[in-house]
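Novice: Residues in the sequence shown are numbered from 1481 upward in steps of one, following this note's numbering.
Built from N, CA and C at the ideal position, the CB exists for glycine as well.
The structure displayed is predicted, hence computed values, not measured ones.
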Amino acid sequence: MDEVIISKAITESYIKDLLEAMEVDVAIVGAGPAGLVAAYYLAKEKINTAIFERKLSIGGGIWGGGMMFNKIVVQDEGKEILDEFGIATTKYQEGYYVAHAIEMASALCLQAIKAGARIFNLVSVEDVVIRENDKVSGLVLNWSPVSTAKLHIDPLAIKAKLVIDATGHDCEVCHLVTRKIGANLRTPTGNITGEKPMWAEMAEKQVVENTKEVYPGLIVAGMAASAVFGLPRMGPIFGGMLLSGRRAAKLAIELLK
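(1) If distances are taken between C-alpha atoms only, which option among P1513, K1535, A1519 comes closest to T1628?
(2) Starting from the C-beta of F1600, find all residues in its chain whose C-beta is less than 6 angstroms away, skip the five residues before and the five after it, and write them out in chain order.
(3) Under 8 angstroms, with one C-beta from each stretch per pair, do the segment 1632-1645 and the segment 1504-1511 reach the 3-pair mark?
(4) Tell me which residues share the same chain as V1700 and place their Cβ nearer than 6 angstroms to its Cβ, disregarding the 5 neighbours each side in the sequence.
(5) Applying the 10 Å Cβ sphere with the 16-neighbour rule, what's the burial state of V1484?
(6) Skipping 5 residues on each side, what residues in its chain have a beta carbon closer than 7 angstroms to that of S1724?
(7) By how many angstroms is the C-alpha of G1670 removed from the C-alpha of G1662?
(8) With H, G and I counted as helix, E and B as strand and the rest as coil, what does DSSP make of I1661?
(9) Are the Cβ atoms of Y1520 and A1581 separated by less than 8 angstroms?
(10) Assuming contact is defined by CB atoms lying nearer than 8 angstroms, are E1429 and G1720 in contact in what I supplied?
(11) Taking the alpha helix (DSSP H) that K1524 falls in, what are its first and last residues?
(12) Taking 8 angstroms as the CB-CB limit, is S1604 close to chain D?
(13) If contact is defined by three or more beta carbon pairs under 8 angstroms, each pair taking one atom from either stretch, is the segment 1582-1589 in contact with the segment 1538-1547?
(14) Between the segment 1601-1608 and the segment 1559-1575, do three or more beta carbon pairs fall short of 8 angstroms?
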């Protein structure tokens, strides 16, 4: 085996993927449960979709389950999505199903990629591109280690017809928008409300209901929706995250039409 050929194979194939992701229909920021599910349903519809994840690993908060017990819980509606992804569940009692966190994270990633979504890890979003009619029209990207090492390296930009903020509690893309152009989100205050204390029952319903376009061209999903709209957190029950991702994909498909 030739080391240079190996290096060329990696470089050429990665650059090909990156070039094809520089103009996409939907760019998803964050490869947690909501982002991965949204990518799966979008890619299934042949919509050009790319996910950008700042960490080395994908899956967001799935891996640690509840307090590092690598099990998670879903309700009946969430189980339907896990069934579609081929993820095993065990009925704990009526309305409560347990899944293995590691199987879930792995399967969500695998199925999103097999559906046709591209996933780029170790890539951070530094800024947004806002163009005609004050619409979010793209993202400004850099390697995550650049910010970790505090290097002054200029980023690159991509174009996207829609962006989904699936960055979890941090709602990073929404923070960028409000920091750059002021409080103009479609929330009661126009700004990011901030997450409320845990209340799983309410949070699971409200996170799906509040998966919305919060600024032209920008959809929030998962815990980002909770933070933006001031919803309760739900803890290690993940049905709402899965359903929010599916709703975000459906909304994106409608907006693209």
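Specialist: This is what the structure holds:
(1) Translated into positions along the sequence shown, residue 1628 becomes position 148. Among P1513, K1535, A1519, the Cα nearest to that of T1628 is on K1535.
(2) The residue labelled residue 1600 in the question sits at position 120 within the sequence shown. Around F1600: F1532.
(3) yes
(4) By 1-based counting over the sequence shown, the position of residue 1700 is 220. The residues are D1645, V1694, V1708.
(5) The residue given as residue 1484 occupies position 4 in the sequence shown. Burial call: exposed.
(6) Position 244 of the sequence shown holds residue 1724. So the list reads A1514, V1687, V1688, T1691, A1701, G1702, A1705, once near-sequence residues are dropped.
(7) As a position in the sequence shown, residue 1662 is number 182, starting the count at 1. As a position in the sequence shown, residue 1670 is number 190, starting the count at 1. Spanning the two alpha carbons is a distance of roughly 9 angstroms.
(8) As a first step, residue 1661 must be located in the sequence shown, where it is residue number 181. It is helical.
(9) In the sequence shown, counting from the first residue as 1, residue 1520 sits at position 40. In the sequence shown, counting from the first residue as 1, residue 1581 sits at position 101. No, they are not a contact pair.
(10) Nothing in the structure corresponds to residue 1429, since the chain is present only between 1481 and 1737.
(11) Along the sequence shown, read from residue 1 onward, the residue named residue 1524 stands at position 44. Start and end: 1513-1524.
(12) This model lacks chain D altogether; it includes just one protein chain.
(13) yes
(14) no
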